[in-house]
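In this note's numbering, the protein residues as written are 16 to 219.
Please read the structure below before turning to the comments.
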Amino acid sequence: MPQISSTLLQRAVDEFAKLPGVGEKTAMRLVLHLLRQEVQDVNQFGQSVMQLRANVKFCKTCHNISDNDVCDICSNPRRDHSLICVVENIQDVMAVENTQQYRGLYHVLGGVISPMDGVGPGDLQIESLLQRAQAEEVKEIILALNPTMEGDTTNFYLYRKLAPLNVGVSVIARGVAQNDELQYTDEITLGRSIVNRTQFAVNM
């Protein structure tokens, strides 16, 4: 990029360029767009980001993002509290919700077991899942992790941990292609994978 005459502009471009998927050219376009907006609109934009960082919480039950200690899904009496869908991240919660095919609860692991990346079981929200699985009202745990080697490894680990407990363990149908991510799967395919889930089998 050509040299920028304004240090303030350069600093803003550098900050935007730190966002995932945003290069310097896109960052410049975004910053110039903000400069063309009314001051009050830019202030509102900045305040919303700062408030997000300062006040957003993670649900103490399922670890989904929330405005309160317990998210709206976990606290909703109309949801089926006997079902818990285990997903890798918050984006996967949004993907499953968009299918409108699932009315149970969620549990966000915060990743998958990946020794190559230095991520072990202790780095994930597994212990809290096991605690939830022991509640009398929980009847089924649905493993809805991405169909990758790491996802399958995590599925197997969770199954071994959940097997001694009085809870059914199922896995979403393989309508989702191998190595695909749930958040990029179309709603119809993902919805059918949830509805047509099968009992977890070690030799799957």
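Just so it is clear, CB atoms sit at the ideal spot from N, CA and C, and this is done for glycine as well.
Next item on the list: Please look up how many angstroms separate the CB atoms of Gly119 and Cys89, rounded, as I've assumed it's under 8 Å.
Entry: In the sequence shown, the residue the question calls residue 119 occupies position 104. In the sequence shown, the residue the question calls residue 89 occupies position 74. Going by Cβ atoms, the distance from Gly119 to Cys89 rounds to 11 Å, so no, they are not a contact pair.
Next item on the list: State the start and end residues of the unbroken beta strand (DSSP E) segment that holds His48.
Entry: Translated into positions along the sequence shown, residue 48 becomes position 33. No beta strand (DSSP E) holds His48; the alpha helix (DSSP H) holding it covers 39-50.
Next item on the list: Could you tell me which uninterrupted alpha helix (DSSP H) segments, each at least 4 residues in length, are contained entirely in the segment 149-178, listed from first to last along the chain?
Entry: 164-177
Next item on the list: Grab me the residues of Ser97's own chain with a C-beta within less than 8 Å of its C-beta, minus the 5 sequence neighbours each way, in chain order.
Entry: Mapped onto the sequence shown, residue 97 falls at position 82. Cβ neighbours of Ser97 beyond the five flanking positions: Gly119, Glu152, Val153, Lys154, Glu155.
Next item on the list: State the Cα-Cα distance for the pair Gln66 and Leu145, rounded to the nearest angstrom.
Entry: Counting from 1 along the sequence shown, the entry for residue 66 is found at position 51. Counting from 1 along the sequence shown, the entry for residue 145 is found at position 130. C-alpha separation (whole angstroms): 33 Å.
Next item on the list: For Ile105, name the three-state secondary structure that DSSP assigns.
Entry: Mapped onto the sequence shown, residue 105 falls at position 90. The answer is helix: DSSP assigns Ile105 an H, G or I state.
Notebook entry, point to check: By how many angstroms is the C-alpha of Pro162 removed from the C-alpha of Leu139?
Noted result: Counting from one through the sequence shown, the residue named residue 139 turns up at place 124. Counting from one through the sequence shown, the residue named residue 162 turns up at place 147. So the two alpha carbons sit approximately 18 Å from each other.
Checklist line | The beta strand (DSSP E) enclosing Ser21, as first and last residue numbers | finding: Locating residue 21 in the sequence shown gives position 6, counting from the first residue. First-last for Ser21: undefined, no H or E at that position.
Next item on the list: Return helix, strand or coil for Val28, following the three-state DSSP convention.
Entry: In the sequence shown, counting from the first residue as 1, residue 28 sits at position 13. Of the three classes helix, strand and coil, the one that applies to Val28 here is helix, per DSSP.
Next item on the list: Would you identify the three-state DSSP class for Gly183, choosing helix, strand or coil?
Entry: Here residue 183 is taken as the residue at index 168 of the sequence shown, counted from 1. Residue state, collapsed to three classes: strand.
Check: Between the segment 71-82 and the segment 54-61, do three or more beta carbon pairs fall short of 8 Å?
Finding: no
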